[in-house]
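Contents: one structure, followed by commentary.
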Amino acid sequence: MSYPKLLTKVAKTRLARDWGFKQQLPWKLLVEITKVCNNKCLNCSIWSTPNKQFLTLQNYEQLFKDNSNLMWLSITGGEPFTRLDIDEIVKLAVKNCPDLKYLSIPTNGFWTEQIVKKTKELQKTGLELHITISLDGPKDVHNIIRGTKDGYDRAVKTFNALKEIGVDVRYQATVHKENFSIFKQYYNDYKKDIGVLTFTQTSETYYSNDNKVKPLEGEEVASLFDYLGENFELREKHDVFEKMHLKIASKYLRKKDMMIPCTAGFSSAYVSTEGEVYPCFSMPTWGNLKEKSFKEIWFGDMAVKERAKIKKKQCPKCWINCFSFQDMMTYPEKAAVKAFVGKN
Ligand code: SF4
Ligand code: SF4
1445 MSYPKLLTKV AKTRLARDWG FKQQLPWKLL VEITKVCNNK CLNCSIWSTP NKQFLTLQNY
1505 EQLFKDNSNL MWLSITGGEP FTRLDIDEIV KLAVKNCPDL KYLSIPTNGF WTEQIVKKTK
1565 ELQKTGLELH ITISLDGPKD VHNIIRGTKD GYDRAVKTFN ALKEIGVDVR YQATVHKENF
1625 SIFKQYYNDY KKDIGVLTFT QTSETYYSND NKVKPLEGEE VASLFDYLGE NFELREKHDV
1685 FEKMHLKIAS KYLRKKDMMI PCTAGFSSAY VSTEGEVYPC FSMPTWGNLK EKSFKEIWFG
1745 DMAVKERAKI KKKQCPKCWI NCFSFQDMMT YPEKAAVKAF VGKN
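Rendered as structure tokens:
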């Protein structure tokens, strides 16, 4: 990652958010390229959503042309590797965004051959590539949560295959009510390969699960995150953000409040497969790319009004790693104090 460029973008985010300076284009985009998924997770209904209208390559080319400030692209789904032109989409981003350095992709690891084939193409882009594979427990637990018979074996096979071709791949483990009782043991057994830890989230916009899933909360879950935060080992430089994320997560779970300023809509945006542009999974859409350009949406009246709400904490106040990382990167000193100083 180019640190001077990143620092400039971060500084501009703070100036715009805290002092009303000119708003820049986002430096991180989370792009949902498909709602198709080959798992049927208990906690997520993306796989059952009827709306599978995808943006075309032309739509993506225009999106990236409009986002010359982009430094970090996160491609998500559904299962992102079910979209056969995933590598073409990323190549369009590389072609049009000169500062783009960092590509992250979460996958369920189910379709090994396709994931390996497309990852080899993605490696050719020269981006710093990080792939996380969901693994939510030992075989029987994982397969129940993910609604598959052999999802565990496939995820492990994909993990090993990606390692073999030199990819920075880690497991992402989510705490659900179905694995809660065994999670500590599971974490201890697999921790050398687990890079991301999170807890069940709800969002009608993204997971389509608001009415079906009760978010995990309470002291027991917070204590589990205390444990995970304490025991998470730093292996790469960027792991310090994961450790801070975990330590802040336990405080968030106790207070259900924003722990550091949220930069959603200032540093980053989420683009859905239907072309809606959102600041995050929980706030209303700012507009659709099939009707307006990204720049019109990002600098439009709705965006200005909603940014003021985010600044005043008039939002559902989440702590999700899709957004918390850019918050911690923008306010590292506040994140460090919140994570490492003081009691819970
Ligand atoms: S959580 Fe991921 S793998 Fe599971 S159904 Fe949703 S999109 Fe698919
Ligand atoms: S804290 Fe609020 S604005 Fe920020 S990502 Fe969460 S819901 Fe969205």
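If you use my numbering, the sequence shown corresponds to residues 1445 to 1788, in order. Note that CB positions come from ideal geometry on N, CA and C, so glycine has one too.
Can you list, in chain order, the residues of its chain whose CB lies under 6 Å from that of residue i, leaving out five sequence neighbours each side?
{"i": "cysteine 1766", "result": "Leu1474"}
{"i": "arginine 1590", "result": "Asn1483 and Cys1485"}
{"i": "lysine 1568", "result": "none"}
{"i": "alanine 1599", "result": "Gly1553, Ile1577 and Leu1579"}
{"i": "aspartate 1543", "result": "Lys1449 and Met1515"}
{"i": "valine 1715", "result": "Val1475 and Val1721"}
{"i": "threonine 1642", "result": "Thr1618 and Asn1765"}
{"i": "lysine 1778", "result": "Ile1704"}
{"i": "tyrosine 1596", "result": "Lys1583, His1586 and Asn1587"}
{"i": "alanine 1783", "result": "Met1688, Lys1691 and Ile1692"}
{"i": "glutamine 1497", "result": "Glu1718"}
{"i": "lysine 1757", "result": "Met1702"}
Which residue comes first and which comes last in the beta strand (DSSP E) that contains residue i?
{"i": "proline 1550", "result": "1546 to 1551"}
{"i": "valine 1715", "result": "1712 to 1715"}
Residues in the same chain with beta-carbon distance under 7 Å from residue i, minus the five sequence neighbours each way, listed in chain order, please.
{"i": "lysine 1466", "result": "Ala1460"}
{"i": "isoleucine 1530", "result": "Ile1477, Ile1519, Pro1524 and Lys1562"}
{"i": "valine 1454", "result": "Met1773 and Thr1774"}
{"i": "phenylalanine 1676", "result": "Glu1686, Lys1687 and Leu1690"}
{"i": "isoleucine 1638", "result": "Arg1614, Tyr1615, Ala1617 and Tyr1631"}
{"i": "lysine 1607", "result": "Val1613"}
{"i": "valine 1640", "result": "Thr1576, Arg1614, Gln1616, Glu1686 and Asn1765"}
Since residue i sits in a beta bridge, which residues does DSSP pair it with?
{"i": "glutamate 1476", "result": "Thr1520"}
{"i": "asparagine 1732", "result": "Glu1720"}
{"i": "aspartate 1612", "result": "His1574"}
{"i": "threonine 1387", "result": "The question about residue 1387 has no answer here: the residues shown for the chain are numbered 1445 through 1788."}
{"i": "alanine 1783", "result": "DSSP, once it has assigned bridges, lists no residue as partnering alanine 1783."}
{"i": "alanine 1599", "result": "Note: alanine 1599 sits in no beta bridge, so no partner."}
{"i": "alanine 1708", "result": "Ser1712"}
Between which two residues does the alpha helix (DSSP H) containing residue i stretch?
{"i": "arginine 1698", "result": "1683 to 1699"}
{"i": "threonine 1592", "result": "Unbroken run through threonine 1592: none, as it is neither H nor E."}
{"i": "glutamate 1750", "result": "1745 to 1755"}
{"i": "glycine 1673", "result": "1663 to 1675"}
{"i": "glutamine 1502", "result": "1501 to 1509"}
{"i": "lysine 1658", "result": "No alpha helix (DSSP H) holds lysine 1658; DSSP gives it neither H nor E."}
{"i": "isoleucine 1764", "result": "No alpha helix (DSSP H) contains isoleucine 1764, which DSSP labels as neither H nor E."}
{"i": "tryptophan 1742", "result": "1738 to 1742"}
{"i": "asparagine 1487", "result": "Run containing asparagine 1487: none; DSSP gives neither H nor E here."}
{"i": "phenylalanine 1627", "result": "1627 to 1634"}
{"i": "arginine 1461", "result": "1447 to 1463"}
{"i": "glutamate 1532", "result": "1530 to 1540"}
{"i": "lysine 1562", "result": "1556 to 1567"}
Out of the options, which has the shortest C-alpha to C-alpha gap to residue i?
{"i": "lysine 1456", "options": "Thr1707, Phe1769, Ile1741 and Pro1760", "result": "Thr1707"}
{"i": "isoleucine 1764", "options": "Lys1739, Pro1659 and Lys1753", "result": "Pro1659"}
{"i": "leucine 1517", "options": "Asp1612, Lys1539, Glu1608 and Ser1548", "result": "Ser1548"}
{"i": "serine 1667", "options": "Leu1697, Phe1676, Lys1681 and Val1640", "result": "Leu1697"}
{"i": "phenylalanine 1769", "options": "Thr1642, Ser1694, Val1560 and Phe1685", "result": "Phe1685"}
{"i": "aspartate 1510", "options": "Gly1786, Met1746, Gln1616 and Lys1739", "result": "Lys1739"}
{"i": "valine 1785", "options": "Gly1522, Pro1705, Ile1692 and Phe1603", "result": "Ile1692"}
{"i": "aspartate 1771", "options": "Glu1572, Ser1711 and Val1585", "result": "Ser1711"}
{"i": "threonine 1556", "options": "Gly1570, Lys1601, Leu1571 and Lys1564", "result": "Lys1601"}
{"i": "serine 1512", "options": "Gly1709, Ala1537 and Lys1736", "result": "Ala1537"}
{"i": "glutamate 1663", "options": "Asn1503, Thr1592 and Phe1624", "result": "Phe1624"}
{"i": "proline 1550", "options": "Lys1699, Thr1526, Thr1452 and Leu1672", "result": "Thr1526"}
{"i": "glycine 1581", "options": "Trp1730, Gly1464 and Lys1628", "result": "Lys1628"}
{"i": "lysine 1636", "options": "Asn1732, Asp1683 and Ile1533", "result": "Asp1683"}
{"i": "glutamine 1558", "options": "Met1746, Lys1583, Ala1605 and Arg1679", "result": "Ala1605"}
{"i": "glycine 1464", "options": "Pro1723, Ala1752, Gly1610 and Lys1757", "result": "Ala1752"}
{"i": "leucine 1469", "options": "Gln1758, Lys1757 and Ile1741", "result": "Ile1741"}
{"i": "leucine 1733", "options": "Val1665, Leu1451 and Asn1503", "result": "Asn1503"}
{"i": "glycine 1744", "options": "Thr1729, Tyr1634, Glu1680 and Gln1758", "result": "Thr1729"}
{"i": "glutamine 1566", "options": "Gly1731, Leu1528, Asp1594 and Thr1592", "result": "Here the sequence assigns leucine to residue 1566, which means glutamine is not the residue at that position. Per the Cα distances, Leu1528."}
In its own chain, which residues sit with a C-beta less than 8 Å from the C-beta of residue i, not counting the 5 before and 5 after it?
{"i": "alanine 1780", "result": "Met1688"}
{"i": "arginine 1458", "result": "Thr1774 and Tyr1775"}
{"i": "serine 1737", "result": "Gln1506 and Asp1510"}
{"i": "asparagine 1540", "result": "Glu1505, Phe1508, Lys1509, Asn1511 and Ser1512"}
{"i": "aspartate 1462", "result": "Pro1705"}
{"i": "tyrosine 1546", "result": "Met1445, Met1515, Trp1516, Leu1517, Leu1571, Glu1572 and His1574"}
So that I know if they touch, is there some Cβ in chain B lying closer than 8 Å to that of residue i?
{"i": "proline 1728", "result": "Absent from the structure: chain B. Only one protein chain is present."}
Could you name the residues, in chain order, whose CB is less than 7 Å away from a heavy atom belonging to ligand 1?
Cys1481, Asn1483, Lys1484, Cys1485, Asn1487, Cys1488, Ile1490, Trp1491, Gly1521, Gly1522, Glu1523, Asn1552, Ser1578, Arg1590 and Tyr1651
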